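As you go down the protein sequences, you meet chains G and U in turn.
Numbered continuously in my numbering, the first sequence closes out at residue 113.
Numbered continuously in my numbering, the second sequence closes out at residue 116.
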Amino acid sequence: KAGVTQTPRYLIKTRGQQVTLSCSPISGHRSVSWYQQTPGQGLQFLFEYFSETQRNKGNFPGRFSGRQFSNSRSEMNVSTLELGDSALYLCASSSVGPTDTQYFGPGTRLTVL
Amino acid sequence: AQSVTQLGSHVSVSEGALVLLRCNYSSSVPPYLFWYVQYPNQGLQLLLKYTSAATLVKGINGFEAEFKKSETSFHLTKPSAHMSDAAEYFCAVSEGGGTSYGKLTFGQGTILTVHP
Chain G
1 KAGVTQTPRY LIKTRGQQVT LSCSPISGHR SVSWYQQTPG QGLQFLFEYF
51 SETQRNKGNF PGRFSGRQFS NSRSEMNVST LELGDSALYL CASSSVGPTD
101 TQYFGPGTRL TVL
Chain U
1 AQSVTQLGSH VSVSEGALVL LRCNYSSSVP PYLFWYVQYP NQGLQLLLKY
51 TSAATLVKGI NGFEAEFKKS ETSFHLTKPS AHMSDAAEYF CAVSEGGGTS
101 YGKLTFGQGT ILTVHP
């Protein structure tokens, strides 16, 4: 089975721009979670989608949004980028069930200049 | 609310020595616990998970962890370190469904260095 894929792998943007990141889950997985990883704050949960519905959301401003499509692929969008949004954005997928393991993609490295 | 504390942001061992990475958690319900490893410029790879089936959990690459409810701990061990074990390790907790759908809470990570 192919793993979780994320595109693009690297991205450079300037302040004020917006960005869209994409995540394709493992085939058959319907839950997709997003995380932000920074040296200062570590790994922080952004949100989770299941069957095109956001079921859970972390403590991030409204500039961070996401969606999930009927094929379980997910996108996250960050509007009005700030320098502090520079981070590794990780996507993880899992099958149905609260104990199911999250499998992570390689991440998208976003740099905001 | 769930939380995870990893004691020691850096651990250094010699090749062949015991690896011990410490993790303590806080959870309002019986937790599900995970250890992940991250190599430079890569995502997270699952090492092992505890989901209440057995308190001693064996994972990949010779790692294991023991769930101790009385100590709220889930320490990761490996009897003999290998150079390829050098990476950053993350302990994570999940409370399952309800308000915790799809949410893992991570510790701050421990960077493991292995000396020849």
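Every residue, glycine too, gets a C-beta built ideally from N, C-alpha and C.
Predicted, not measured: the structure shown is a model, and the values here were computed from it.
{"Asked": "Residue-level contact to chain U via CB, Q102 (chain G), 8 Å cutoff", "Found": "yes"}
{"Asked": "Identity of the residue in G:V32, G:Q102, G:P61, G:A92 nearest S79 (chain G) by Cα", "Found": "G:P61"}
{"Asked": "Minimum length 3: unbroken beta strand (DSSP E) runs contained in the segment 14 to 79 of chain G", "Found": "19 to 24, 31 to 38, 42 to 50, 53 to 57, 64 to 68, 74 to 78"}
{"Asked": "M76 (chain G), buried or exposed, once every other Cβ within 10 Å from all chains shown has been counted against 16", "Found": "buried"}
{"Asked": "Any chain G beta carbon closer than 8 Å to G43 (chain U)", "Found": "yes"}
{"Asked": "Beta-carbon proximity list for A87 (chain U), same chain, < 7 Å, skipping 5 on both sides", "Found": "V37, Q38, Y39, L112"}
{"Asked": "Beta carbon proximity, L8 (chain U) to chain G, threshold 8 Å", "Found": "It should be noted that the sequence gives Gly, not Leu, for residue 8 (chain U). By this cut-off, G8 (chain U) is not an interface position."}
{"Asked": "Chain G contact residues for K68 (chain U), given Cβ-Cβ distances below 7 Å", "Found": "In chain order: nothing, as chain G lies at least about 19 Å away."}
{"Asked": "Coil, strand or helix - L18 (chain U) by DSSP", "Found": "coil"}
{"Asked": "DSSP-derived helix/strand/coil call for S84 (chain U)", "Found": "helix"}
{"Asked": "T111 (chain G) classed as buried or exposed, judged by whether at least 16 other C-beta atoms fall within 10 angstroms", "Found": "exposed"}
{"Asked": "Span separating the alpha-carbon of S27 (chain U) from that of T53 (chain G)", "Found": "26 Å"}
{"Asked": "For L21 (chain G) and R9 (chain G), the rounded distance between their alpha carbons", "Found": "9 Å"}
{"Asked": "Uninterrupted alpha helix (DSSP H) stretches inside the segment 35 to 113 of chain U (no shorter than 4 residues)", "Found": "none"}
{"Asked": "Residue from U:S12, U:Q42, U:T72, U:L18 whose Cα sits closest to the Cα of A92 (chain U)", "Found": "U:T72"}
{"Asked": "Cβ neighbour criterion (16 or more within 10 Å) applied to K1 (chain G)", "Found": "exposed"}
{"Asked": "Minimum C-alpha distance to K78 (chain U) - residue among U:R22, U:L7, U:V4", "Found": "U:R22"}
{"Asked": "DSSP state of L81 (chain G) mapped onto helix, strand, coil", "Found": "coil"}
{"Asked": "Residues in the segment 27 to 39 of chain G having any Cβ partner in chain U nearer than 7 Å", "Found": "S31, S33"}
{"Asked": "T111 (chain G) in three-state terms, based on DSSP", "Found": "strand"}
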